[in-house]
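S.K.:
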Amino acid sequence: MTKNWTRTRKPTFNKDSALHMDNIAKTVFKPIYPVIVSNALEITGICRGKCLDLGTGPAMMAMAVARALPEMSVTAFDFSEGAQEIAEANICEAKLEKRISTAFGDVHDMPFEDQSFDLIISRGSMFFWDDLKTAFAEIIRILAPGGATYIGGGFGSLALREQVIKDMAKVDPNWNCYAKKEGDTEAHRRFDLMFEQLDWETYQVIDDDTGFWVMVTRPA
Ligand code: SAM
Numbered sequence: 024m025t026k027n028w029t030r031t032r033k034p035t036f037n038k039d040s041a042l043h044m045d046n047i048a049k050t051v052f053k054p055i056y057p058v059i060v061s062n063a064l065e066i067t068g069i070c071r072g073k074c075l076d077l078g079t080g081p082a083m084m085a086m087a088v089a090r091a092l093p094e095m096s097v098t099a100f101d102f103s104e105g106a107q108e109i110a111e112a113n114i115c116e117a118k119l120e121k122r123i124s125t126a127f128g129d130v131h132d133m134p135f136e137d138q139s140f141d142l143i144i145s146r147g148s149m150f151f152w153d154d155l156k157t158a159f160a161e162i163i164r165i166l167a168p169g170g171a172t173y174i175g176g177g178f179g180s181l182a183l184r185e186q187v188i189k190d191m192a193k194v195d196p197n198w199n200c201y202a203k204k205e206g207d208t209e210a211h212r213r214f215d216l217m218f219e220q221l222d223w224e225t226y227q228v229i230d231d232d233t234g235f236w237v238m239v240t241r242p243a
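Take any residue in the sequence shown, note its place counting from 1, add 23, and you have its number in the numbering used here.
#1: Pull the bridge partners of Gln227 from the DSSP assignment, please.
#2: Starting from Asp101, follow its DSSP beta bridges and name the residues at the other end.
#3: Go through its chain and collect everything with a Cβ distance to Gly169's Cβ below 6 Å, but skip five positions before and after it.
#4: Which residues in the same chain as Gln220 place their Cβ atom closer than 8 Å to its Cβ, once the five residues preceding and following it in sequence are excluded?
#5: Can you confirm whether the region 59 to 66 touches the region 35 to 45 when touching is taken to mean that 3 or more C-beta pairs between the two stretches lie within less than 8 Å?
#6: From the DSSP output, which residues share a beta bridge with Thr74?
#7: Which residues in the same chain have their Cβ closer than 8 Å to the Cβ of Leu64, if we skip the five residues on either side of it in sequence?
#8: For a test of your reading of the model: does the CB of Trp236 fall under 8 Å from any non-hydrogen atom of the ligand SAM? Yes or no.
#9: Identify whether Leu64 lies in helix, strand or coil by the three-state DSSP scheme.
#10: Can you tell me which of the three DSSP states Pro54 falls into?
#11: Please name the residue or residues paired with Leu166 in a DSSP beta bridge.
#12: With distances taken between CB atoms, is the gap from Gly72 to Leu142 smaller than 9 Å?
#13: Could you tell me the boundaries of the alpha helix (DSSP H) in which Arg122 lies?
#14: Taking 8 Å as the threshold, find out whether the region 231 to 238 comes into contact with the region 172 to 190 through three or more Cβ pairs.
#15: Could you pull out every residue in the same chain whose Cβ sits closer than 8 Å to the Cβ of Glu136, ignoring the five residues on either side in sequence?
#16: Can Asp76 be considered in contact with the ligand SAM, in the sense that its beta carbon sits closer than 8 Å to one or more heavy atoms?
#17: Indicate the three-state DSSP secondary structure (helix, strand or coil) for Ala192 in the structure shown.
#18: Measure the Cβ-Cβ separation of Phe251 and Ala167 and say whether it is below 9 Å.
Below, the structure written as structure tokens:
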């Protein structure tokens, strides 16, 4: 077992990897997105306003939010042109263009106004960010008063996690996801230290069967 799965890694995000993610998201991962959105809603309590999906890939989280929360408009954000093309095609095919727009850029320097999003979500992207402190400073900057984040990774429940691991073994025996690894005992301490350096006190780290998630809140 490899430890420290919350440390950042550096894969290449190109057209091929975006297509691969699209395939997995539409098959093996398909059931996880509505469950994660329902968990996010339960823990944050935010169901209206503006939502941002960071590292959206094929936009499955963004689409699950749009479907579950009719009073929410969604921005699907990614720094991969391949991912953005696929996200736009998926949003169009689902006829969700009026609810979801796409935006291109890097989480470390985002093209959004201060305090402009009520709910900031992200699944399976944070583990690839180069500099978590810079990224979270940006996230805090654009989080609206009364807003919250649900950022991290996981599969929504223990049953879904086990199912995904079983199914992925058939699709890609070399798949080496953090889901198969031990939790990182240092992760909480690293986030505590990071938020201390950012001088931000309102946050919670969730590390359970739903996955590993960081909820940052901005008081109303
Ligand atoms: N969230 C999607 C899902 O769960 O189906 C996609 C997850 S995929 C493993 C990771 C995504 O994060 C990729 O689409 C990648 O381009 C994006 N990403 C990674 N680093 C990023 C960054 N610094 N800024 C914006 N997007 C990033």
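Beta carbons: idealized from backbone N, C-alpha and C, even for Gly. None of the values given here were measured: they were computed from a predicted structure.
M.R.: Put simply:
#1: Met238
#2: Phe127
#3: Ala243
#4: Lys156
#5: no
#6: Checking the sequence shown, residue 74 turns out to be Cys, not Thr. For Cys74, which the question treats as bridged, DSSP gives the partners Val97, Leu142.
#7: Cys70, Ala91, Leu92
#8: no
#9: helix
#10: coil
#11: Phe140
#12: yes
#13: Counting along the chain, Arg122 falls outside any alpha helix (DSSP H), and DSSP gives it neither H nor E.
#14: yes
#15: Ile165
#16: yes
#17: helix
#18: One cannot answer for residue 251 here, as it falls past the ends of the chain, which runs 24 to 243.
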